[in-house]
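*Asks:*
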Amino acid sequence: MSGLIVTALVILVFIVIYQIAKASELATILRGEEKVKMQTNRLMAWLMVAFFFLGAYGIWKCHVALADKMLPESASLEGVNYDHMLIVTLWMTGFVFVITQVALFWFVFRYQATETRKAFFYSHNNKLEVLWTTVPALALVVLVVIGLKNWFAITAEAPENSLVVQVMGKQFNWLIRYPGADKMLGKTDFRLMDDATNVMGLDWNDPASHDDIIIENGEMHIVTQRPVQLVINSRDVIHDVGLPHFRMKMDAVPGITTTMWFTPRTTTEQMKMDTHNPNFVYEISCDQMCGKGHYSMRGTVVVQTQKEFDAWLKEQPAYYANVQKANAPAPPAGAAAPATDTTKAATPVDTTATGATASAMTTPAQHK
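Note that my numbering has the sequence shown beginning at 83, numbered continuously upward.
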C-alpha cells in the first residue's frame, strides 16, 4: 500500500513541475519577451560558429602536440597492410565527417529561428534516401572486403620456415613456450596444469615435450625477417594477445586454440635508434579485461637476428629438466660425503673369483 502512495506522489510531483514550466512559458510570451528569445537564438548561432572553429583548431593542435605519442611505423610486414587499411578508412569516413559537420554548423547559423521565418516541412525524398543508403553500403562493402583479405592472410597456414611459439594467458601474466631441438611442441592437457611443477600442462608421456622451453616472465624472443606463428590459448579466462607495434591482436580463449602469424621486420635495437629512445621495448598487452590484475598483463617482445636468437635459445634450459631437478629426492640426513679420490677409496671386486657384477665396489679391508 505504501508503495502505491509513493508512486502516486512521484507522479503528482512530475505533473506539478510540468504545469509550472508550461505556465512559465505562457507567461513569458504574454509579457512580450519573445524578442529576448530571438536574441538568445542569434547569440547561440554565433557561438556555434565559434565552437566549430575552436574545435577544429583544438583537434589540429592535439595532433601536433601529441605527434610523438603516436605508434611508429609497423614493425611487421603484414602490419603495413593494416596501416594502409586504416588510412583508407580514415580518408573515406573523414571526408563524410567534414562535409556533414560543416553542414550541421552552417545550418544552425544560416537557418536560425527569427520572428519572420517559418520552418519548411520536408517529409521525404525517395531518391535522396536511396542515395544515402546505397553509397555508405557500397563503401562499407569495400572496407569489409579489404579487412577480410588481410584477416585471412594472417590466420591462414603459416609459411614452412615459420618459428612456432605458444603464448598462453593466465591471471595475470603471459607464458611463452618454444619447441626444442625436435622443432615440435609437445602435447598438453589442462588437467596436468600446476603452478609449481607444470604451469602449461605439458604431457610428460609425449617425448616431444621433454625438450620444450617455457619462459615464465612474459618475454618473447622472435627473429627479424622470419615469419613467426603464434599458437594462442588461455588457462582461465578470456585474454587477448595485443601486439600494437606489429599491428596484431588475437583472443586467447580457454579451451580453444587460436593462431596468427606475421613477419617482424625491425629488430629491437634498430627500433631504439629509429625512435631515438634507448629504453624502447615492444609490448605484449592484454586487450581484454580479464580481472582485477588486468593492468599487470604486460609482456615484452625482443626482435633479434637469427644468430642472436639461436644464441639466446641455446642458453634456455628445457622445462622438463627444470622440473626433474626441482623434484629430485634430497640426500638422506647424515649421509657421508663422497671421497675426493674415488680411485683410492674403493677398488673393484675380482669378478672372476667371486662372480659379482662388474659394478660392485668394496674396500681393500673387505677384500681381505
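Just so it is clear, CB atoms sit at the ideal spot from N, CA and C, and this is done for glycine as well.
None of these values were measured; they are calculated from a predicted model.
Identify whether K120 lies in helix, strand or coil by the three-state DSSP scheme.
*Replies:* A small correction: the amino acid at residue 120 is Met; Lys does not occupy that position in the sequence shown. Helix, per DSSP.
*Asks:* Considering just the uninterrupted stretch of the beta strand (DSSP E) at I304, what are its terminal residues?
*Replies:* Segment 301 to 305, the beta strand (DSSP E) holding I304.
*Asks:* If I236 sits next to M330, beta carbons under 8 Å apart, how far is it from one beta carbon to the other, in whole angstroms?
*Replies:* The Cβ separation is near 7 Å, so the contact holds.
*Asks:* Closest to L325 by CA distance: which of E160, K151, L129, D318 is it?
*Replies:* The shortest C-alpha separation from L325 is found at E160.
*Asks:* Quick check on the DSSP output: the beta strand (DSSP E) that includes M342 runs from which residue to which?
*Replies:* Residues 340 to 344.
*Asks:* What residue does the alpha helix (DSSP H) around R192 start on, and which one ends it?
*Replies:* Counting along the chain, the alpha helix (DSSP H) containing R192 begins and ends at 159 to 192.
*Asks:* By a C-beta neighbour count over all protein chains shown, 10 Å radius and 16 as the cutoff for buried, is W214 buried or exposed?
*Replies:* Per the 10 Å Cβ criterion, exposed.
*Asks:* In whole angstroms, what is the alpha-carbon distance linking N404 and M302?
*Replies:* Roughly 19 Å separates the two Cα atoms.
*Asks:* Of all the options E211, T306, Q311, M266, which has the alpha carbon lying nearest to the alpha carbon of D294?
*Replies:* Cα-wise, what sits closest to D294 is M266.
*Asks:* Give the straight-line distance between the Cα atoms of S291 and T387, rounded to the nearest whole angstrom.
*Replies:* Each residue's Cα considered, the two are about 26 Å apart.
*Asks:* Please determine, among V249, N359, H358, the residue with the shortest C-alpha to C-alpha distance to D322.
*Replies:* Among V249, N359, H358, the Cα nearest to that of D322 belongs to V249.
*Asks:* Specify the secondary structure class of T357 as computed by DSSP and reduced to three states.
*Replies:* Correct three-state label for T357: helix.
*Asks:* Going by beta carbon distance, what residues of the same chain come within less than 8 Å of R124, once the five residues before and after it are set aside?
*Replies:* Counting only Cβ-Cβ distances below 8 Å, and skipping sequence neighbours, we find Q194.
*Asks:* Could you tell me which uninterrupted beta strand (DSSP E) segments, each at least 3 residues in length, are contained entirely in the segment 269 to 297, listed from first to last along the chain?
*Replies:* Counting only runs of 3 or more, we get 295 to 297.
*Asks:* Under 8 Å, with one C-beta from each stretch per pair, do the segment 200 to 211 and the segment 219 to 226 reach the 3-pair mark?
*Replies:* Contact between the segment 200 to 211 and the segment 219 to 226 is absent, because fewer than three Cβ pairs lie under 8 Å.
*Asks:* Given this structure, state the Cα-to-Cα distance separating F135 from V184, to the nearest angstrom.
*Replies:* Approximately 10 Å between the Cα atoms of the pair.
*Asks:* Per DSSP, G381 is paired with what?
*Replies:* For G381, which the question treats as bridged, DSSP gives the partners I366.
*Asks:* Just grab the DSSP bridge partners of E311 for me.
*Replies:* Residue identity differs from the one stated: residue 311 is Gln in this sequence, not Glu. Per DSSP, V246, W343.
*Asks:* Taking the alpha carbon of A240 as the point to measure from, which residue in R380, N163, F344 has its own alpha carbon closest?
*Replies:* Closest option to A240, Cα to Cα, is F344.
*Asks:* Look at S244 and Q311 and say whether their C-beta atoms are less than 8 Å apart.
*Replies:* Going by C-beta atoms, S244 is nearer than 8 Å to Q311.
*Asks:* Evaluate the contact criterion for the segment 349 to 366 versus the segment 375 to 395: three or more CB pairs, one atom per stretch, below 8 Å.
*Replies:* The segment 349 to 366 is in contact with the segment 375 to 395.
*Asks:* Helix, strand or coil, according to DSSP, for N255 in the structure here?
*Replies:* In the structure shown, N255 sits in a strand (DSSP, three-state: E or B).
*Asks:* M282 and L257 - do their beta-carbons sit closer together than 8 Å?
*Replies:* Yes.
*Asks:* With a CB to CB cut of under 8 Å and the five nearest residues on each side skipped, what residues in its chain are close to T196?
*Replies:* Contacts found: M120, N123.
*Asks:* Keeping to the same chain, check which residues put their C-beta closer than 8 Å to that of N232; ignore five residues upstream and five downstream.
*Replies:* The answer, listed in chain order, is E160, N163, Y164, M167.
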